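Visitor: To start, I am sharing the structure in question, which I have written as structure tokens.
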Amino acid sequence: MQAVNIIGEISAMLAQSFELDLALETILQSIGSTIRYDASEVNQWYPDQNVLRPIARRGDPGYAAALDQNGGVYKLDEGYSGWIARYQQPLVVDDINTRPDVLPKLANFPFHSYIGVPLKAGDRFIGTLELASSASHAFDYEHLTLLETLAGQVAVAMENARLYREQSNRVAEISGLRKIAQAMGALADPPSMFMQLNTSLAELMNVEMCGVMLLSDDRRWLAGQVPLYGVQEALAYLFRIEVLPESAGYRLWHNQPWWFTNNAVGDEMIHQLKLQTLVDVSSVHALALVPMIVGDQRIGAVMVMNPRRGSGFLQEDVNLLAVFAAQVAIVVENARLYNEEQRRAEELMGLQQITEAVGALRDPAALYQQINERIAQLLDTEACTLLLFVEEARLLVLQPGSVGLPGSLAPFAQVPLEAGSRLEQLWEQGQPWLSNSIQAEGRALQARLGHFWKKPRCVKGCCCLCAWRGNALALLLVGNKAYDLDFDTEDSRLLSIFARQAAVIIDNARLYDETHRRAVESDGLRRLAELAAGAVDIDQIIADLLAETTDLLEAQVAALALLDTDKGELVYTPGYAYQLELAEPLHLDIFGEGFSNSVVLSRRALLSNAALEDARLLRPYRQMAEDLNLHNLIMVPLVIQNRSIGEVLVANKRSEGFSPNDLNLLQAIAAQVAAAIDRTQLYKATDASLRTRVDQLNTMDRVAQQLVGSLELERILEVARTEIANTLGGGAASAVLLARSTRWLDTAQPLIEKRLNPLPGMRDPLSPAEMSAILRTEPLYISDYLGSDLEALPAEARSAFIVPFRVEEEPVALLHLYSNQPAAFDEDTRDFVLRIAKQTNQAVLNARRFQDQLLLNERLRQHAQWLRSSLNINQFIRQGKDIGQTLVLLAGLVSEALGYRVVIINLLDAKANVYKRVASAGISELRFRELQQAVTTPEQLGQLLQTRWQLGESYFIPTEQIGEDTLGGIQTPRIHPIPSPNAAPRPGKRMTSCLRPSTIKREPCWAGLAWIARVITAAPPWPRQSRWAFSPSRPRLWLKTTSSWKKFGAMPPKPAWGANAWPCCTAPLSAFARRRISPPVCRWWPRPWCKAAGTRFGSRARQKPGCEPAHPRRLPRTGGTPPANRYVARPRLAPALRGPRIPALAPGWVLLPAL
1 MQAVNIIGEI
11 SAMLAQSFEL
21 DLALETILQS
31 IGSTIRYDAS
41 EVNQWYPDQN
51 VLRPIARRGD
61 PGYAAALDQN
71 GGVYKLDEGY
81 SGWIARYQQP
91 LVVDDINTRP
101 DVLPKLANFP
111 FHSYIGVPLK
121 AGDRFIGTLE
131 LASSASHAFD
141 YEHLTLLETL
151 AGQVAVAMEN
161 ARLYREQSNR
171 VAEISGLRKI
181 AQAMGALADP
191 PSMFMQLNTS
201 LAELMNVEMC
211 GVMLLSDDRR
221 WLAGQVPLYG
231 VQEALAYLFR
241 IEVLPESAGY
251 RLWHNQPWWF
261 TNNAVGDEMI
271 HQLKLQTLVD
281 VSSVHALALV
291 PMIVGDQRIG
301 AVMVMNPRRG
311 SGFLQEDVNL
321 LAVFAAQVAI
331 VVENARLYNE
341 EQRRAEELMG
351 LQQITEAVGA
361 LRDPAALYQQ
371 INERIAQLLD
381 TEACTLLLFV
391 EEARLLVLQP
401 GSVGLPGSLA
411 PFAQVPLEAG
421 SRLEQLWEQG
431 QPWLSNSIQA
441 EGRALQARLG
451 HFWKKPRCVK
461 GCCCLCAWRG
471 NALALLLVGN
481 KAYDLDFDTE
491 DSRLLSIFAR
501 QAAVIIDNAR
511 LYDETHRRAV
521 ESDGLRRLAE
531 LAAGAVDIDQ
541 IIADLLAETT
551 DLLEAQVAAL
561 ALLDTDKGEL
571 VYTPGYAYQL
581 ELAEPLHLDI
591 FGEGFSNSVV
601 LSRRALLSNA
611 ALEDARLLRP
621 YRQMAEDLNL
631 HNLIMVPLVI
641 QNRSIGEVLV
651 ANKRSEGFSP
661 NDLNLLQAIA
671 AQVAAAIDRT
681 QLYKATDASL
691 RTRVDQLNTM
701 DRVAQQLVGS
711 LELERILEVA
721 RTEIANTLGG
731 GAASAVLLAR
741 STRWLDTAQP
751 LIEKRLNPLP
761 GMRDPLSPAE
771 MSAILRTEPL
781 YISDYLGSDL
791 EALPAEARSA
801 FIVPFRVEEE
811 PVALLHLYSN
821 QPAAFDEDTR
831 DFVLRIAKQT
841 NQAVLNARRF
851 QDQLLLNERL
861 RQHAQWLRSS
871 LNINQFIRQG
881 KDIGQTLVLL
891 AGLVSEALGY
901 RVVIINLLDA
911 KANVYKRVAS
921 AGISELRFRE
931 LQQAVTTPEQ
941 LGQLLQTRWQ
951 LGESYFIPTE
961 QIGEDTLGGI
971 QTPRIHPIPS
981 PNAAPRPGKR
991 MTSCLRPSTI
1001 KREPCWAGLA
1011 WIARVITAAP
1021 PWPRQSRWAF
1031 SPSRPRLWLK
1041 TTSSWKKFGA
1051 MPPKPAWGAN
1061 AWPCCTAPLS
1071 AFARRRISPP
1081 VCRWWPRPWC
1091 KAAGTRFGSR
1101 ARQKPGCEPA
1111 HPRRLPRTGG
1121 TPPANRYVAR
1131 PRLAPALRGP
1141 RIPALAPGWV
1151 LLPAL
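Taking our numbering, the leading residue of the sequence shown gets 1, the next gets one more, and so forth.
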């Protein structure tokens, strides 16, 4: 009966009102009058979220608070409500402790019994009706039946309320959208538009606070747009949500269609959104947030707080707010587009006004003034200025034409971009910066820009970079808006746009200036090229180029220095200086300390605008800058074909300091100058080469003519030496005539006959280089004695070229060229010398053969004469003439044949046992009679015939060892001195082949059965007598007899070498006659004559074994070895000449001269 009454009351109530909250409150109250419970709850099902959300409660408020802290909703299978939602069946729990299979949502569930039934509209699940009691077994199946009966009524009420609410919402949406759309009329005034939107939303949603939030320019915040509804202006800065990536606000705004909470104080999301301060200050208990979406872009959000009806937000409220948010988004986007269009129009107008400044490109000051004036006018500011960026020096330089700035800012015209400074940070960030309280914030002062606002008394300012194509060109500063208005982000944005346009104009101005400068430079380079190519005189070329360079670079002075590698100096000469006061050449030592880092050696250009303080300048250059008053300078190396030849100096620019463009221009000019110098030097070298070639051809022609008409070796060598020396430009040439190799002591010790133009400072006959050239049998070129192991002769010589002349593989002469400069003989010069040497070598060959032919003819003539004389002696002896007369005739023949001026024959007086003078030649009869008064004892003669003076069976005794009475007081004047083996020949004198003038020779002779000496004393040869008078064939005149060989009973002893023996050649007369051999021939006798002696007068087929020529080392030794540098005898076979027989001579000694 009670159930029927309750159903009747509910039906009557539902028929009178469509308010769901009131209906549910009435239903729960009615149920409480029949069924006792401690808490009741009606939950509504939200199928899109699969959750049950409480919409009506009655009873214990603590449970409701605890549920709100745990999410405020029931999910599927969560608690008893979730079980009913899953299975859509009633649930009765008599005691929660006895039902472990089903547990409540809250762990500390304050009730012990529970009953709940599902609410359905037809077959559609729409919610639950639940009761709870603190007592166990408080509900039974009767109660369940009553609740199931009432569940239908509750479901009807909820469905009717839903339909009514949807209809009401549709009406509200239509009216709300119309009301929101009315804000479109205030698009031109954003504050008024947002005030109207916020007010309309608050009225439509029936909330206490409301605001539209837009995404900030830096996309970091969703910021409320003032004025906000229900929020004080001072708290407007709290009305924002951070939406940085990975933040809670970003996830909620991007991923959720809406979000609301009815427990703002305890909700964790409020803390994550950083809205706790706003909630606490504004007493917010419920909050809803819906994103504003246009297309697929989220542009902001709408946030409402605290519904006026007292309860929290429902899902229907959030849905309705989403509809309004979409309309608000359209209005806001239209406003943005409208404002963007307006801004673009203003920007285009401003850009057009700024662009009009392009007409002043030719005058930078006028250009910057127009830019500053137009920007100040567009932004309505009192001050505006531009600071251009100088990248090389990292400076911001104040430009003329500033607006509102006094002229007293000249000391602050340059602002450095110091590392780590605030200004550098602003510069690197590239973002606009504004301040409405410059002095208070102080950041501008720290950025060293305070002077540009302090002087015009600017308290508010804004600055922005002027960048174009990624390059920062300038800094634009504005200050003090009109009417004391503050700068805002819109002003900074407009300033950024104007700054970009100004950057384009500045860049165009730079391009124009660069184009104009390049045109001027190109014209200047063209003139420089014409100057470099139009003249031949290098001095005139350099003078014109330096003058043009100073005009082109706007400098006052210029100079050029050339590198002298021979002297190791860099030379600045007065002739190569323009408007530079050089009284005398300035020499810089390139081997000085640190000079390897100089411009000319390192090939690195140098630019300095503070020459007197620049530490990069070397000490000589700094001293030169002080002496010549050089403030700024550029030095560029002169390089041609990777070879540095000098440097160019340009100093004291008329306006400001030199720039990198000036350096690049000077480098281009230096290339022109280097090419001109190299071309001129090439012209000179080519001309000199042609002249040298002509001179060489003329020299070769003259040498050929001279050599054709000359057969004298000295003449031939002198002609070659003189002509080569004259052609090469000096007397640095010497020639050496060598003796025949048969006369050399050793093959490694050449013997010279004469030297033409001796080398200064010579100590030996041949220099080490000459010896090396002779032994190597090919020309020797020494490019630099400093890098050679050979000693330089003369000492100051640096290079040399030595050419040996050879005849039949035998060196006959050499030509020695030397110079004080290294590498003085290039390949062409050496080729020229070799061509001359080839001609000279052929001439030497012809002269040598001619001389050999003359000598052979002379020997044949003398041989015939000696034959006639020998015939006369034979006839004289056959006539029975006195032996004294025979010996006189023999002495005369010896003097004539051998060339001695004085010949004395001594005979042994056996009774007196002394040697007496019996015949002579070359002295007067009176003098000979005086000499006959003196005699020589065998003891005296034995003292002279010592082993040390013996060579074979001959003796060569120095005059110092002979007293005047020893051999009859004969004095031998010094006529032909023989040089010491270690001494060099005297310049211009032929090395003689004769012995010392103080040397005499004695030769023993066998006669009879006993030793009876007959001595012939010979003085030195006649001065005019040819050295060929000592030929080996002349002794044969008296060695042809064989009549006395039968009387000789023994052979003479073998020749022996004494330890100190004087060189000689000797043989016993008996050996000459018996073995038919010629006297031994010294190895310094000419080999051709020796060969002629062996082939002219006999055949080698007739030579007997044992008589072959012997090498000095193979000669028999008795008392030691001969000195290595002495002349050594080499016996040769020669057939005896036929002629009349001469009777055997009386016992005695025959004295023969050795050569």
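Glycine included, every Cβ here is placed at the ideal spot set by N, Cα and C. Computed from a prediction, not measured in an experiment: that's the story for all the values here.
Starting from residue 644, trace the beta strand (DSSP E) both ways and give me its first and last residue.
Guide: Here the question's residue 644 lines up with position 644 in the sequence shown. Run containing residue 644: 643–653, per the beta strand (DSSP E) assignment.
Visitor: What are the residues that DSSP puts in a beta bridge with residue 383?
Guide: Position 383 of the sequence shown, counted from the first residue, corresponds to residue 383. Beta-bridge pairing links residue 383 to 479.
Visitor: What is the DSSP secondary structure of residue 54, reduced to helix, strand or coil?
Guide: Counting from 1 along the sequence shown, the entry for residue 54 is found at position 54. Residue 54: strand per DSSP, three-state reduction.
Visitor: Report the option in 638, 716, 393, 336 whose CA atom is closest to the CA atom of residue 609.
Guide: Locating residue 609 in the sequence shown gives position 609, counting from the first residue. The candidate whose alpha carbon is nearest that of residue 609 is 393.
Visitor: Can you grab the Cα-Cα spacing for the pair residue 638 / residue 817, in whole Å?
Guide: Numbered from 1 along the sequence shown, position 638 holds the residue referred to as residue 638. Numbered from 1 along the sequence shown, position 817 holds the residue referred to as residue 817. Rounded to the nearest angstrom, the two C-alpha atoms are 35 Å apart.
Visitor: Rounding to the nearest angstrom, what Cα-Cα distance links residue 103 and residue 71 in this structure?
Guide: Position 103 of the sequence shown, counting from 1, holds the residue named residue 103. Position 71 of the sequence shown, counting from 1, holds the residue named residue 71. Cα to Cα, residue 103 sits roughly 17 Å from residue 71.
Visitor: Could you check the C-alpha separation between residue 115 and residue 42 for me, to the nearest Å?
Guide: Numbered from 1 along the sequence shown, position 115 holds the residue referred to as residue 115. Numbered from 1 along the sequence shown, position 42 holds the residue referred to as residue 42. Straight-line Cα distance between these residues: approximately 12 Å.
Visitor: With three or more beta-carbon pairs closer than 8 Å as the criterion, would you say the segment 784–801 touches the segment 823–838?
Guide: Cβ pair count under 8 Å is three or more, so yes.
Visitor: In this structure, how does DSSP classify residue 62 when only helix, strand and coil are distinguished?
Guide: Here residue 62 refers to the residue found at position 62 of the sequence shown. Of the three classes helix, strand and coil, the one that applies to residue 62 here is helix, per DSSP.
Visitor: For residue 524, which of 660, 941, 545 has the nearest alpha-carbon?
Guide: The sequence position of residue 524 within the sequence shown is 524, counting from 1. Taking only the C-alpha atoms, the option nearest residue 524 is 545.
Visitor: Which residue or residues does DSSP assign as beta-bridge partners of residue 75?
Guide: Stepping through the sequence shown from its first residue, residue 75 is reached at position 75. DSSP lists 51 as partners of residue 75.
Visitor: Between 282, 139, 387, 712, which lies nearest to residue 210 when the distance is taken from Cα to Cα?
Guide: Translated into the one-based positions of the sequence shown, residue 210 becomes position 210. Comparing Cα positions, the closest option is 282.
Visitor: Count the other CB atoms within 10 Å of the CB of residue 257; is the residue buried (16 or more) or exposed (fewer)?
Guide: The sequence position of residue 257 within the sequence shown is 257, counting from 1. Classification for residue 257: exposed.
Visitor: Of the residues 458, 158, 52, 483, which one's Cα is nearest the Cα of residue 477?
Guide: Translated into positions along the sequence shown, residue 477 becomes position 477. For the residues 458, 158, 52, 483, the minimum Cα distance to residue 477 belongs to 458.
Visitor: Using three-state DSSP, classify residue 245 as helix, strand or coil.
Guide: On the sequence shown, position 245 is the one that residue 245 refers to. In the structure shown, residue 245 sits in coil (DSSP, three-state: anything other than H, G, I, E or B).
Visitor: Are there three or more Cβ pairs, one per stretch, closer than 8 Å when the segment 664–672 is compared with the segment 622–632?
Guide: Contact fails: fewer than three Cβ-Cβ distances are below 8 Å.
Visitor: Would you kindly work out how many angstroms separate the C-alpha atoms of residue 156 and residue 299, rounded to a whole number?
Guide: Along the sequence shown, read from residue 1 onward, the residue named residue 156 stands at position 156. Along the sequence shown, read from residue 1 onward, the residue named residue 299 stands at position 299. Going by the C-alpha atoms only, they are around 41 Å apart.
Visitor: Among residues of its own chain, excluding the 5 on either side of residue 364, which ones have a beta-carbon nearer than 7 Å to its beta-carbon?
Guide: For this step, residue 364 is matched to residue 364 along the sequence shown. The residues are 509.
Visitor: Closest by CA to residue 212, which one among 304, 60, 660?
Guide: Within the sequence shown, residue 212 is the residue found at index 212, counting from 1. Nearest of 304, 60, 660 to residue 212, Cα basis: 304.
Visitor: Hey, how far is the Cα of residue 287 from the Cα of residue 384?
Guide: Sequence index remark: in the sequence shown, residue 287 carries index 287 (1-based). Sequence index remark: in the sequence shown, residue 384 carries index 384 (1-based). Using only the alpha carbons, I get a separation of about 48 Å.
Visitor: Using the Cβ count rule (16 or more neighbours within 10 Å means buried), how would you classify residue 791?
Guide: Counting from one through the sequence shown, the residue named residue 791 turns up at place 791. Exposed is the call here.
Visitor: Starting from the C-beta of residue 249, find all residues in its chain whose C-beta is less than 6 Å away, skip the five residues before and the five after it, and write them out in chain order.
Guide: The sequence position of residue 249 within the sequence shown is 249, counting from 1. If we look at residue 249 and ignore the five residues flanking it on each side, its Cβ neighbours are 241, 242, 243, 273.
Visitor: Looking only at its own chain, which residues have a Cβ that is under 8 Å from the Cβ of residue 579, when we skip the five neighbours before and after it?
Guide: Along the sequence shown, one-based indexing puts residue 579 at 579. Answer for residue 579: 550, 556, 557, 558, listed in chain order.
Visitor: Cα-Cα, which of 882, 878, 724, 809 is closest to residue 833?
Guide: Against the sequence shown, residue 833 aligns to sequence position 833. Among 882, 878, 724, 809, the Cα nearest to that of residue 833 belongs to 724.
Visitor: Taking 6 Å as the limit between beta carbons, can you name the residues of its chain near residue 413, skipping five residues before and five after?
Guide: As a first step, residue 413 is located in the sequence shown; it is residue number 413 there, counting from the start. So the qualifying residues of the chain are 398.
Visitor: Buried or exposed for residue 629, please, with buried defined as at least 16 other CB atoms from any protein chain shown within 10 angstroms of its CB.
Guide: Position 629 of the sequence shown, counted from the start, is the residue given in the question as residue 629. Exposed is the call here.
Visitor: Bridge partners for residue 209 per DSSP, in chain order?
Guide: Residue 209 sits at position 209 when you count from the first residue of the sequence shown. Bridge partners of residue 209: 305.
Visitor: For residue 838, which three-state DSSP category applies?
Guide: The count along the sequence shown starts at 1 and reaches residue 838 at position 838. Of the three classes helix, strand and coil, the one that applies to residue 838 here is helix, per DSSP.
Visitor: Between residue 576 and the rest of its own chain, which residues show a CB-CB distance below 6 Å, the 5 nearest in sequence each way excluded?
Guide: One-based indexing of the sequence shown puts residue 576 at position 576. Excluding residues within five positions, the ones whose Cβ falls inside 6 Å are 542, 560.
Visitor: With distances taken Cα to Cα, identify the nearest neighbour of residue 54 among 874, 906, 374, 311.
Guide: To locate residue 54, count along the sequence shown from 1; it is residue 54. Answer by Cα proximity: 311.
Visitor: Can you tell me where the beta strand (DSSP E) with residue 755 in it begins and where it stops?
Guide: Taking the sequence shown and counting its residues from 1, the one referred to as residue 755 is at position 755. First-last of the beta strand (DSSP E) with residue 755: 752–756.
Visitor: To test your reading of the DSSP string, which unbroken alpha helix (DSSP H) runs of 4 or more residues are found completely within the segment 97–179?
Guide: For the segment 97–179, not a single whole alpha helix (DSSP H) run of length 4 or above is found.
Visitor: Going straight from the alpha carbon of residue 715 to that of residue 564, what length do you get?
Guide: Here residue 715 refers to the residue found at position 715 when the sequence shown is read from its first residue. Here residue 564 refers to the residue found at position 564 when the sequence shown is read from its first residue. So the two alpha carbons sit approximately 41 Å from each other.
Visitor: Can you tell me where the alpha helix (DSSP H) with residue 468 in it begins and where it stops?
Guide: Taking the sequence shown and counting its residues from 1, the one referred to as residue 468 is at position 468. It is not in any alpha helix (DSSP H) - residue 468 instead sits in the beta strand (DSSP E) that spans 461–468.
Visitor: In whole angstroms, what separates the C-alpha of residue 828 from that of residue 761?
Guide: Numbered from 1 along the sequence shown, position 828 holds the residue referred to as residue 828. Numbered from 1 along the sequence shown, position 761 holds the residue referred to as residue 761. So the alpha carbons of these two residues sit roughly 29 Å apart.
Visitor: For the segment 526–608, list the alpha helix (DSSP H) runs that are entirely contained and at least 4 residues long, ordered along the chain.
Guide: Counting whole runs of 4 or more residues, the segment 526–608 contains the alpha helix (DSSP H) stretches 538–553, 599–602.
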